[in-house]
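J.: Handing you this structure, nothing more for now.
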Amino acid sequence: MSTPISADRVGRLPVPRPASGEVADACPSRLISPLGVLDLRGSAGRDVCLSYPFDAAVMVCGLPGSGKSTLLRAWSGSASVVDPRVTRTSFEAWMPTWIPYALYRPWARLSHMYRLRGQLRRGGPLLIHDCGSRSWMRWWLTRTARGAGRPLHMVVLDVGPQEALSGQRARRRLASRRVFALHQRGLARFLQQVGRGGPAGVPGIGSVVVFDRGQRDRTTEVEFGNPPA
Numbered sequence: 001m002s003t004p005i006s007a008d009r010v011g012r013l014p015v016p017r018p019a020s021g022e023v024a025d026a027c028p029s030r031l032i033s034p035l036g037v038l039d040l041r042g043s044a045g046r047d048v049c050l051s052y053p054f055d056a057a058v059m060v061c062g063l064p065g066s067g068k069s070t071l072l073r074a075w076s077g078s079a080s081v082v083d084p085r086v087t088r089t090s091f092e093a094w095m096p097t098w099i100p101y102a103l104y105r106p107w108a109r110l111s112h113m114y115r116l117r118g119q120l121r122r123g124g125p126l127l128i129h130d131c132g133s134r135s136w137m138r139w140w141l142t143r144t145a146r147g148a149g150r151p152l153h154m155v156v157l158d159v160g161p162q163e164a165l166s167g168q169r170a171r172r173r174l175a176s177r178r179v180f181a182l183h184q185r186g187l188a189r190f191l192q193q194v195g196r197g198g199p200a201g202v203p204g205i206g207s208v209v210v211f212d213r214g215q216r217d218r219t220t221e222v223e224f225g226n227p228p229a
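Just so you know, the sequence shown maps onto residues 1 to 229 in my numbering.
Structure, rendered in structure tokens:
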């Protein structure tokens, strides 16, 4: 379970898979309520609907270009979405063009976290766009969600660096080599941590669902339970 991962193969580790028949025997649209670690990579591309509690916050994570935004657009009808790019775009709109983003990135990040904390406290289903590679951000999210009385879950897109780079080129937004490498190493460490410790390796997070490219393209549904009476 602790086999090292090469830098060019993010998360290719033996994350515990569903029990025999969990996915193979599924109907065309399989309803799954994630708990613990669920690896759906290589699950024959079956349609899957993920079901979460009404007050759940779900982080959709992966390398830049892995398809997080596309998946969130498909799921946005089921929950509010918090995307850091919205905050960045608003900052860029009123900052002088000659000031590089790197200079005001800390303030943009703080503004995003303030908005995210407000959404977590507000209640109701929530989808969070995040790379998932920064341990300090995962710690802050688990702590903030716990303080808001919310269960926190993760969906990780493990599509590989080449697919992620292709996605960046398609959207015409290229991350720098340094930033991409940082995300790559951080996500690899996180998935190693999950592979070694299972649910205990990610304290404060109710479930971690891992998709590959094929499952990402087929998993177009998410649902949240009814609000309490």
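A virtual CB, placed ideally from N, CA and C, is assigned to each residue, including glycine.
Here the structure is a predicted model, which is why all the values come from computation and not from measurement.
In whole angstroms, what separates the C-alpha of C49 from that of A102?
T.: Here residue 49 corresponds to residue number 49 of the sequence shown, with the count starting at 1. Here residue 102 corresponds to residue number 102 of the sequence shown, with the count starting at 1. So the two alpha carbons sit approximately 39 Å from each other.
J.: Once DSSP output is grouped into helix, strand and coil, what is the label at V210?
T.: For this step, residue 210 is matched to residue 210 along the sequence shown. Strand, per DSSP.
J.: Please classify G21 as buried or exposed, where buried requires at least 16 other C-beta atoms within 10 Å of its C-beta.
T.: Taking the first residue of the sequence shown as 1, we reach residue 21 at position 21. Residue placement at G21 cannot be trusted, given a pLDDT of 38 that sits under 50; what the coordinates show is reported in the next sentence. The residue in question, G21, is exposed, as its Cβ has fewer than 16 Cβ neighbours within 10 Å.
J.: If you check the beta carbons only, do L126 and A79 fall under 8 Å apart?
T.: Walking along the sequence shown from the start, residue 126 turns up at place 126. Walking along the sequence shown from the start, residue 79 turns up at place 79. Contact: yes.
J.: In chain order, what residues of the same chain lie with their CB nearer than 6 Å to the CB of A24, ignoring the 5 residues before and after it?
T.: Locating residue 24 in the sequence shown gives position 24, counting from the first residue. Residue placement at A24 is poorly supported in this model, since its pLDDT is 36, which falls under 50; the coordinates still yield a value, given next. Same-chain partners within the cutoff: there are none.
J.: Out of G167, C61 and P84, state which residue places its alpha-carbon closest to the alpha-carbon of L187.
T.: Locating residue 187 in the sequence shown gives position 187, counting from the first residue. Cα-wise, what sits closest to L187 is C61.
J.: With a threshold of 8 Å on Cβ separation, who are the neighbours of P106 within its own chain once the five nearest residues in sequence on each side are excluded?
T.: Residue 106 sits at position 106 when you count from the first residue of the sequence shown. Cβ neighbours of P106 beyond the five flanking positions: none.
J.: Does the beta-carbon of S133 have 16 or more other beta-carbons within 10 angstroms, so that it is buried, or is it exposed?
T.: Mapped onto the sequence shown, residue 133 falls at position 133. Buried, by the Cβ-count rule.
J.: Return the CA-CA distance between V81 and R196, expressed in angstroms with no decimal places.
T.: In the sequence shown, residue 81 corresponds to position 81, counting from 1. In the sequence shown, residue 196 corresponds to position 196, counting from 1. Rounded to whole angstroms, V81 to R196 spans 31 Å at the Cα level.
J.: Using the DSSP secondary-structure output, state which residues sit across from R30 in a beta bridge.
T.: On the sequence shown, position 30 is the one that residue 30 refers to. DSSP, once it has assigned bridges, lists V48 as partnering R30.
J.: With distances taken Cα to Cα, identify the nearest neighbour of D217 among G67, D55, P53 and S51.
T.: Here the question's residue 217 lines up with position 217 in the sequence shown. Among G67, D55, P53 and S51, the Cα nearest to that of D217 belongs to G67.
J.: Measure the C-alpha to C-alpha separation of L40 and V156 and round it to an integer number of angstroms.
T.: By one-based count along the sequence shown, residue 40 stands at place 40. By one-based count along the sequence shown, residue 156 stands at place 156. Going from the Cα of L40 to the Cα of V156 covers about 10 Å.
J.: Can you list, in chain order, the residues of its chain with a C-beta nearer than 7 Å to that of I205? Leave out the 5 residues immediately preceding and following it.
T.: One-based indexing of the sequence shown puts residue 205 at position 205. Contacts found: T142, L152, H153 and M154.
J.: Rounded to whole angstroms, what is the Cα-Cα separation between W140 and R117?
T.: Reading the sequence shown from its first residue, position 140 is the one you call residue 140. Reading the sequence shown from its first residue, position 117 is the one you call residue 117. Roughly 10 Å separates the two Cα atoms.
J.: Give the DSSP-derived three-state secondary structure of M95 in the structure shown.
T.: Against the sequence shown, residue 95 aligns to sequence position 95. Reduced to three states, the DSSP call for M95 is coil.
J.: How is the alpha helix (DSSP H) around L110 delimited, first residue to last?
T.: Sequence index remark: in the sequence shown, residue 110 carries index 110 (1-based). Segment Y101 to R122, the alpha helix (DSSP H) holding L110.
J.: Kindly indicate which three-state DSSP category V81 falls into: helix, strand or coil?
T.: Taking the first residue of the sequence shown as position 1, residue 81 is located at position 81. Three-state result, V81: strand.
J.: Between the Cα of S135 and those of S111, R146, R185 and P64, spot the shortest distance and give me the residue it belongs to.
T.: By 1-based counting over the sequence shown, the position of residue 135 is 135. Of the candidates S111, R146, R185 and P64, the one whose C-alpha sits nearest the C-alpha of S135 is R185.
J.: What are the residues that DSSP puts in a beta bridge with A57?
T.: Walking along the sequence shown from the start, residue 57 turns up at place 57. Partner(s): L126 and L152.
J.: Cα separation between L191 and A148?
T.: By one-based count along the sequence shown, residue 191 stands at place 191. By one-based count along the sequence shown, residue 148 stands at place 148. Cα to Cα, L191 sits roughly 26 Å from A148.
J.: DSSP on D217, reduced to helix/strand/coil?
T.: One-based indexing of the sequence shown puts residue 217 at position 217. In this structure, D217 counts as helix in the three-state DSSP scheme.
J.: Where do the N-terminal and C-terminal ends of the alpha helix (DSSP H) with L71 fall, by residue?
T.: Numbered from its first residue, the sequence shown carries residue 71 at position 71. Its alpha helix (DSSP H) spans residues K68 to W75.
J.: According to DSSP, is V159 part of a helix, a strand, or is it coil?
T.: The residue labelled residue 159 in the question sits at position 159 within the sequence shown. It is coil, neither helix nor strand.
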